[in-house]
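Undergrad: Below is one structure. I have some questions about it.
There are 2 protein chains.
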Amino acid sequence: MPNIHSEKDLDFILYDMLDTEGLLKTERYGEHSREAFNQILETSARIAEDLFQPHAAKVDANEPEFDGKKVTIIPEVKEALDAYRDAGFPGALFPFEQGGMQLPLTVAQASGFIFGAANVSTAGYAMLTLGAANLISSFGSQAQQDRFLSQMIEGRFFGTMCLSETQAGSSLSDIRTKAVPQEDGTYAITGTKMWISGGEHDMSENIIHMVMAKIEGAPEGAKGISLFIVPKIMVDEEGNLGDLNDVKLAGLNHKMGYRGTVNTFLSFGEEGGAVGYLVGEPNKGLSYMFQMMNEARIGVGLGATSLGYTGYLHSLDYAKGRPQGRLIDAKDPSTPMVPIIEHADIKRLMLQQKSYVEGALHLCLYAARLVDDIATTDDGAEKKDMELLLDLLTPIVKSWPSEFCLEANKIAIQVHGGYGYTREYPVERFYRDNRLNPIHEGTHGIQGLDILGRKVSMAKGRAVELLIERINKTIVSAKADAALSDHAEALEKAVGVLVATTQTLLGAAMQGDVARAFANATLYLDAFGHVVLTWFWLQQALKAQEKLAQGAQGEDASFYVGKLTACTYFVRYELPKAVSSLLELAKLDDTCVSANPDIF
Amino acid sequence: MPNIHSEKDLDFILYDMLDTEGLLKTERYGEHSREAFNQILETSARIAEDLFQPHAAKVDANEPEFDGKKVTIIPEVKEALDAYRDAGFPGALFPFEQGGMQLPLTVAQASGFIFGAANVSTAGYAMLTLGAANLISSFGSQAQQDRFLSQMIEGRFFGTMCLSETQAGSSLSDIRTKAVPQEDGTYAITGTKMWISGGEHDMSENIIHMVMAKIEGAPEGAKGISLFIVPKIMVDEEGNLGDLNDVKLAGLNHKMGYRGTVNTFLSFGEEGGAVGYLVGEPNKGLSYMFQMMNEARIGVGLGATSLGYTGYLHSLDYAKGRPQGRLIDAKDPSTPMVPIIEHADIKRLMLQQKSYVEGALHLCLYAARLVDDIATTDDGAEKKDMELLLDLLTPIVKSWPSEFCLEANKIAIQVHGGYGYTREYPVERFYRDNRLNPIHEGTHGIQGLDILGRKVSMAKGRAVELLIERINKTIVSAKADAALSDHAEALEKAVGVLVATTQTLLGAAMQGDVARAFANATLYLDAFGHVVLTWFWLQQALKAQEKLAQGAQGEDASFYVGKLTACTYFVRYELPKAVSSLLELAKLDDTCVSANPDIF
């Protein structure tokens, strides 16, 4: 085991690629240091290795159980989360004065990446709590923050996000949970919520549910959704626990993966109404949620990356240690077998994984860095630009790792052969866990509609312009390097095709043919992602060239050559798929959208 | 539930596409009739629905257990297999005089397809037994057939294939199991065998292991492998059971899927040597196995297709019944939601699945029909041609469904959204089950080397010529139909690229650059498969056009329009991927093959 993450690569991405040290110049993060950041990551790795990874297989095989009264979760999950809490991680992102660590998101996500790679389902409780705490921190009143948030930052209260209902998954505007104003200013919440991760357990003193509901008489659809705090156990103004609120566990969902994260079906208000506290203004719940969506979606992308990355490392270990067969041009059976990493097919499978997972990590942390820059810049125009760029990239950050790090997990099994198909090795679990990511927090299809139907045309296409400006800078630098100029030209051409196809699709939409223009938005999303990932790979290759030119030796040199090779792999084996797909998309084919459901 | 298979589509493929009735003109199958074939399929469907499907989820959740003494399997598995036996299916392929049904492989595989779709892991026992019985039937002595085969045909004895060892999976030439000749003409077998499906259980009176071992002093490598019959329980010449043979169950493997098929680690000869009976001549074991490989690999492809197909039907059912959201150009939240099959993205996901699974079914049954034609033709030259064609197609028949029907299962989950990720719906199980198929019976990578390294160049490329001749006939017919001429031209162009790339790769190999020429053989295999599948889809579209011209109405018309739409989908969305990939392959890139393992 270990094989949780590569310290060397994380360091490369954080400092060489993303200049995380640059954040130390800001007022907000000025009290930190590179050493302090590294200590956070080392502590993360230690706790992840000692307490998260060891029970990952066990909790998968022994998932949470509900006997009608109580949810039972193997004790190792609480032990791991207690250690996580004791080390202060629930407060990673919150300011010092609130008792937090005041870390940049970039570093906090790097830490989360390590925990996710060690045990994604135990880490899930922490991620959910962070999401709920973020909402209260951003939109809750001071009183709500005093009553609930402080205890979430301390890691004593956990949190959940209660959006979906059985009839309303992707279509959130169709939720039916009701909120009726009470005389004391609270609301009586009634309804059921589906797919609630962390919805019931005894591992924290309380659970704070962030619940989407419609106030009686609210407008139909998304514009009538409000956000409420609904604690499992009532909390008084001093923060003391009181009676149980009217929230019942109606049942557990049993999933293919992510089994340690208890997933619940909750019933609110069976005894008259759960007490809910309105967050912010009525009917703005969905807009609040969307404002937090970028960070939540970075979290999903990073979770997918964690699984892809650890799977890659495990398969690498296996490939280097497993002798099997002989090279294709040396078949003499009396010679010893070679480790399978010597076989061309395995090398390709390793490069494919490497390019996916290391690229995805760069992508996700780049997005986190944008969040940090947005939060710390004083320049209004720059801030606006970065917000646009982040908005544009968010569906890619959520989706690309979800799709391609799942593919990496599929490959990790293949590299293990029959062994990878057994539960003796962890790669089949990663594959099962990762299958969730293209589904939750906005399905893959929803992300496609988000990027093509909304993001590329927002602010008159300014976001795409900004992205291309940045990509072009990298292309110019790479063209100046003989070893990278072909790659730069390939990316330049791909960007040209992306722009042309985008114009064609948006042009059709402007002329009213919206259904056809957006019919294959998911394919557009995948191809756009591949173009963006090529950009990240070219950045990594440029830095690798620089380091090699500076005389990197030994393991360092191998590391940088690895980056160059993965970049070459991505340009030659992956990018052409995107170009081919974009060229097809520009034909505005209507085969799928015009198909009559009767033909199936 | 049901959603096991589509009777209409199976009928279309068997009779309209493959002219299965044509086999009735042969002496071997002349006593059958179309009605008799259909009755076989109806009986299969009834038993599959009544006894195979109902326990599929249960046996997945309650896999076989070994307490150190005995393997326990839930009783429903035996009940299903007993009904299968009582209906005579173990003898499907064997001649009337041996007590069999004397069915063509085409029909037997269609029946197996239904059982596999209902419950792939219970059907596994039958498929393994058939494989073992085929070996004895083809290469065993009359005495061996009398002693063992007859009871396998009756379904009283089950069989296994014991090839792999822990250190020898893909690299069979490295097996170490030993066979020492005894004075009575038998051999003493010692060694261990890994991944043996069906290796131990009490569901049959006996288990006949077909074991690969090396006779003392045999040549090294593949040329020193012999094949042995090693019964679990000794059988005398009258067929009566005697003492236990020296075969021990050393442990069970616990897999991600296919959980109902007990998978074992067997130890032979711990007490001095298991009694083994040499099949055929010494040192010819691997060649015997290879002679049966085509049929075994059709079986794997068809198993993958079963899973993909049933997943497609389940997701179709869900997509038609699940209301969610509104059409992209009609978003008023006061209007009712539409079934998700109305959404363009879902229609694409359905067409993708449909084109994969219905195409794969055609491919596999086409290969089975070739086997039948080879077995029944009197024309030596034609027979030779068909053998070449079958040899060429076999890696595609094994691999393409394994890869793309797994992808179909992934999509079936996506269509179900969060529900698909739970064990309440069967699609996650299909996805887990199907993940095995790219691994066993020759990994995906092995199949790539088989087609590029062996099949396309055999008989001076005659097999490829034969395939292209057949494809060209379809292209000529399709060009004459205005609705299909674009598709025909696209296929023609793709075939041209395939041929050119093949020549480039083989040319490089001939010049000694074998490692580079074959480095990306797996990608070549996938692309070749896509070209072949386009051909099958064009055949289906031609027939659909014919039926529509003849005035098909109502459901029939929808069915044929569905075929045309799936063909269009495949030509426009899938074929371009293959063309793009083939064009890249022709560049003979050496990024992967020349990568130094140290870079990872």
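Just so you know, the sequences run in chain order A and W.
Going by the numbering used here, the first residue of the first sequence is number 1, and it counts up by one from there.
Going by the numbering used here, the first residue of the second sequence is number 601, and it counts up by one from there.
We put the CB at the ideal spot given by N, CA and C, even for glycine.
#1: Given a cut-off of 7 Å, decide if W:V1193 and W:A1119 are closer than it, judged by their beta-carbon atoms.
#2: Let me see if you follow: with CB-CB separation under 7 Å, is A:P64 close to chain W or not?
#3: Classify A:Q414: buried if its beta carbon has 16 or more other beta carbons within 10 angstroms, exposed otherwise.
#4: Any beta-carbon of chain A closer than 7 Å to the one on W:E958?
#5: I need the DSSP call for A:C162, collapsed to helix, strand or coil.
#6: If you measure between the beta carbons of A:G199 and A:L266, is that distance less than 7 Å?
#7: Quick one: using the 10 Å Cβ neighbour count with 16 as the cut-off for buried, is A:L14 buried or exposed?
#8: Name the DSSP bridge partner or partners of W:L878?
#9: If we ignore side chains and look at the alpha-carbon of each, how far apart do W:T1122 and A:A87 end up?
#10: Please return the same chain residues whose Cβ sits closer than 7 Å to the Cβ of W:R685, not counting the five positions on each side in sequence.
#11: Residues in the same chain with beta-carbon distance under 7 Å from A:L466, minus the five sequence neighbours each way, listed in chain order, please.
#12: Within 7 Å of any Cβ in chain W, is that where the Cβ of A:Y569 sits?
#13: Using the three-state DSSP reduction, which class does W:K670 fall into: helix, strand or coil?
#14: Checking contacts by CB at 7 Å: is W:Y629 closer than that to chain A?
#15: Using the Cα positions of A:V77 and A:A83, report the straight-line distance between them to the nearest angstrom.
#16: Just the Cα atoms here: how many angstroms apart are W:V847 and W:P690?
#17: Going by DSSP in three states, A:F404 sits in which element: helix, strand or coil?
#18: Residues of the stretch 382-410 of chain A in Cβ contact with chain W at a cutoff of 9 Å, in chain order, please.
#19: With DSSP as the reference, identify every bridge partner of W:P923, one or two as the case may be.
#20: Against chain A, with Cβ distances strictly below 7 Å, would W:D1156 count as a contact?
#21: With a cut-off of 8 Å, do at least 3 Cβ pairs link the stretch 800-809 of chain W to the stretch 765-774 of chain W?
#22: Using a C-beta to C-beta distance shorter than 7 Å, which residues of chain A count as neighbours of W:M950?
#23: Is the separation between the beta-carbon of A:G303 and that of A:V495 shorter than 7 Å?
#24: Whole-angstrom Cβ separation of W:L1133 and W:F1170, contact assumed at under 8 Å?
#25: Looking at the secondary structure, which residues open and close the alpha helix (DSSP H) in which W:S1180 lies?
#26: Is the beta carbon of A:L105 less than 7 Å from the beta carbon of A:A368?
#27: How many Å lie between W:I1046 and A:L18 at the Cα?
#28: With three or more beta-carbon pairs closer than 8 Å as the criterion, would you say the stretch 620-639 of chain W touches the stretch 946-963 of chain W?
#29: Using beta carbons (cut-off 7 Å, strictly below), is W:S906 in contact with chain A?
#30: So for A:S33, helix, strand or coil by DSSP?
#31: Tell me whether W:G817 sits in a helix, a strand or coil according to DSSP, three-state version.
#32: Anything in the stretch 1045-1056 of chain W with a Cβ closer than 8 Å to a Cβ of chain A? List those residues in chain order, please.
#33: Under 7 Å, do A:I346 and A:A319 count as touching if we go by C-beta distance?
#34: Are W:V830 and W:I789 close, meaning C-beta to C-beta below 7 Å?
#35: Taking 6 Å as the limit between beta carbons, can you name the residues of its chain near A:T377, skipping five residues before and five after?
#36: Is the beta carbon of A:E403 less than 7 Å from the beta carbon of A:P438?
TA: Reading from the atomic positions:
#1: A contact, by the Cβ cut-off of 7 Å.
#2: Closer than 7 Å: no.
#3: Its Cβ being crowded by 16 or more others within 10 Å, A:Q414 is buried.
#4: Chain A places no beta carbon closer than 7 Å to that of W:E958, leaving this residue out of the contacts.
#5: For A:C162, the three-state secondary structure derived from DSSP is strand.
#6: Cβ atoms of A:G199 and A:L266: closer than 7 Å.
#7: With 16 or more other Cβ atoms within 10 Å, it is buried.
#8: Note: W:L878 sits in a beta bridge opposite W:F828.
#9: Between W:T1122 and A:A87, the C-alpha separation is close to 47 Å.
#10: So the qualifying residues of the chain are G755.
#11: Here the set comprises D385, L388 and L389.
#12: Using a CB distance cut-off of 7 Å, A:Y569 counts as an interface residue toward chain W.
#13: It is coil, neither helix nor strand.
#14: Not closer than 7 Å to any Cβ of chain A, the Cβ of W:Y629 fails to qualify, so no.
#15: Each residue's Cα considered, the two are about 10 Å apart.
#16: Each residue's Cα considered, the two are about 24 Å apart.
#17: A:F404: helix per DSSP, three-state reduction.
#18: Cβ contacts with chain W come from L406 and K410.
#19: In the DSSP output, where bridge partners are listed per residue, W:P923 has W:P939.
#20: For W:D1156, the answer is no, since every Cβ of chain A falls outside 7 Å of its Cβ.
#21: They do not touch, by the three-pair rule.
#22: Under the 7 Å cutoff, chain A gives F600.
#23: No; because the gap between Cβ atoms is not below 7 Å, this pair is not in contact.
#24: Between W:F1170 and W:L1133 the Cβ distance is about 7 Å, and since that is below 8 Å, they are a contact.
#25: Annotation: the continuous alpha helix (DSSP H) that includes W:S1180 extends over L1175 to L1185.
#26: Between A:L105 and A:A368, the gap from beta carbon to beta carbon is short of 7 Å.
#27: When rounded, the distance between both Cα atoms is 41 Å.
#28: Two segments are said to touch when three or more pairs of C-beta atoms, one from each, lie closer than 8 Å; by this definition the stretch 620-639 of chain W does not touch the stretch 946-963 of chain W.
#29: Residue-level contact check: W:S906 does not touch chain A, since none of the beta carbons of chain A fall below 7 Å from its beta carbon.
#30: Of the three classes helix, strand and coil, the one that applies to A:S33 here is coil, per DSSP.
#31: Three-state result, W:G817: coil.
#32: The stretch 1045-1056 of chain W vs chain A, Cβ under 8 Å: G1045, G1048, L1049 and G1053.
#33: Going by C-beta atoms, A:I346 is nearer than 7 Å to A:A319.
#34: Closer than 7 Å, so yes.
#35: Only residues of its own chain outside the window of five on either side were considered, and among them K383 have a CB closer than 6 Å to the CB of A:T377, listed in chain order.
#36: Yes, they are a contact pair.
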